[in-house]
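Remarks on the structure that follows.
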Ligand code: 5GP
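Numbering (full-length UniProt numbering), first residue to last: 1 to 213.
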């Protein structure tokens, strides 16, 4: 079974004053939880693992928007580097799907998959997701994808939350296993804010109030 780099409950992250944070978010961040450099290092290894397993097939990489866009871009850069420098290489096509399942820091009742999926029949699909909490979103997406009859589906998620709300779903590749905390940054948002923050961070409670809708 896949495992990610585990961040334990008692690991509270890093003092934000030791990192560069955009001025407009300085007052909102409590701690830096996963620094950008560590995200990139872990992503490099995920790219290698994925290419070892899927590297003999033509791949369609499917980005789950919006939260997955940074991870998707960096993962694909690492996969492209492997393609460029390795003994073997495979063509990678890209596709995008948009899903909305959160408002403020809580899940919404309905999971909306926005837009049409392109034809995936007979393709080897790599779904690239930002974070899995209960697994509800991914299960809904996978069941929709399976209607398209792809040859193979693998899922990579940058983060998986260790929570008792989990359905038990685990993706094929995991970046980090994190405690049950709401995180932002590296394209993960709070009501569309904080996507433009490089590190994955924990918010102050007063920031949740400030950006609440
Ligand atoms: P699930 O359906 O697995 O419970 O939740 C997955 C979705 O919820 C993710 O794609 C993401 O949009 C959102 N989500 C879950 N936890 C967090 C979190 O800690 N921070 C942010 N920004 N989004 C989260």
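Even glycine gets a Cβ: it sits at the ideal position worked out from N, Cα and C.
*Identify whether residue 121 lies in helix, strand or coil by the three-state DSSP scheme.*
Here residue 121 is taken as the residue at index 121 of the chain shown, counted from 1. The answer is coil: DSSP assigns residue 121 none of H, G, I, E or B.
*In the DSSP assignment, find the alpha helix (DSSP H) that holds residue 37 and state where it starts and stops.*
The sequence position of residue 37 within the chain shown is 37, counting from 1. Note, residue 37: alpha helix (DSSP H), 36-54.
*Taking 8 Å as the cut-off, decide whether the C-beta atoms of residue 202 and residue 183 are in contact.*
Here residue 202 refers to the residue found at position 202 of the chain shown. Here residue 183 refers to the residue found at position 183 of the chain shown. Contact flag set, yes.
*Helix, strand or coil at residue 137 [DSSP, three-state]*: Numbered from 1 along the chain shown, position 137 holds the residue referred to as residue 137. Per DSSP, reduced to three states, the secondary structure at residue 137 is helical.
*Is residue 79 closer than 8 Å to residue 50 when the C-beta atoms are compared?*
Along the chain shown, one-based indexing puts residue 50 at 50. Along the chain shown, one-based indexing puts residue 79 at 79. Closer than 8 Å, so yes.
*Tell me residue 93's beta-bridge partners as DSSP assigns them.*
Within the chain shown, numbered from 1, the residue matching residue 93 stands at position 93. According to DSSP, residue pairing for residue 93 in a beta bridge involves 60.
*Exposed or buried, what is residue 1 when buried is set at 16 or more other beta-carbons lying within 10 Å of its beta-carbon?*
The residue given as residue 1 occupies position 1 in the chain shown. Exposed.
*Note down the Cα distance separating residue 175 from residue 169, rounded to an integer number of angstroms.*
The sequence position of residue 175 within the chain shown is 175, counting from 1. The sequence position of residue 169 within the chain shown is 169, counting from 1. Going by the C-alpha atoms only, they are around 15 Å apart.
*From residue 171 to residue 132, what distance separates their C-alpha atoms?*
Locating residue 171 in the chain shown gives position 171, where the first residue counts as 1. Locating residue 132 in the chain shown gives position 132, where the first residue counts as 1. If I take the Cα positions, the gap works out to 8 Å.
*Boundaries of the alpha helix (DSSP H) in which residue 88 is found, first to last residue*: In the chain shown, counting from the first residue as 1, residue 88 sits at position 88. Annotation for residue 88: no alpha helix (DSSP H) segment contains it, and DSSP assigns it neither H nor E.
*asked:* Could you compute how far the alpha carbon of residue 37 sits from the alpha carbon of residue 77?
replied: Locating residue 37 in the chain shown gives position 37, where the first residue counts as 1. Locating residue 77 in the chain shown gives position 77, where the first residue counts as 1. So the two alpha carbons sit approximately 15 Å from each other.
*asked:* Tell me the DSSP secondary structure of residue 79 in three-state form.
replied: Within the chain shown, the letter at position 79 stands for residue 79. Looking at residue 79 - three-state DSSP - the assignment turns out to be helix.
*Between the beta-carbon of residue 47 and the beta-carbon of residue 5, is there less than 8 Å?*
By one-based count along the chain shown, residue 47 stands at place 47. By one-based count along the chain shown, residue 5 stands at place 5. Cβ distance not < 8 Å, so residue 47 and residue 5 don't count as in contact.
_At the level of alpha carbons, what is the spacing between residue 31 and residue 190?_
Residue mapping note: residue 31 aligns to position 31 of the chain shown, counting from 1. Residue mapping note: residue 190 aligns to position 190 of the chain shown, counting from 1. Taken atom to atom, the span from the alpha-carbon of residue 31 to that of residue 190 is near 15 Å.
*Any heavy atom of the ligand 5GP within a distance shorter than 7 Å of the CB on residue 156?*
For the purposes of this step, residue 156 is taken as the residue at position 156 of the chain shown. Not so, every heavy atom of the ligand 5GP lies at least 7 Å from the Cβ.
_residue 135, buried or exposed, once every other Cβ within 10 Å from all chains shown has been counted against 16_ = Your numbering for residue 135 matches position 135 in the chain shown. When all chains shown are included, residue 135 counts as buried.
_Cβ-Cβ separation, residue 97 to residue 113 (assumed contact under 8 Å), whole Å_ = Numbered from its first residue, the chain shown carries residue 113 at position 113. Numbered from its first residue, the chain shown carries residue 97 at position 97. Contact flag correct, Cβ pair sits at about 6 Å.
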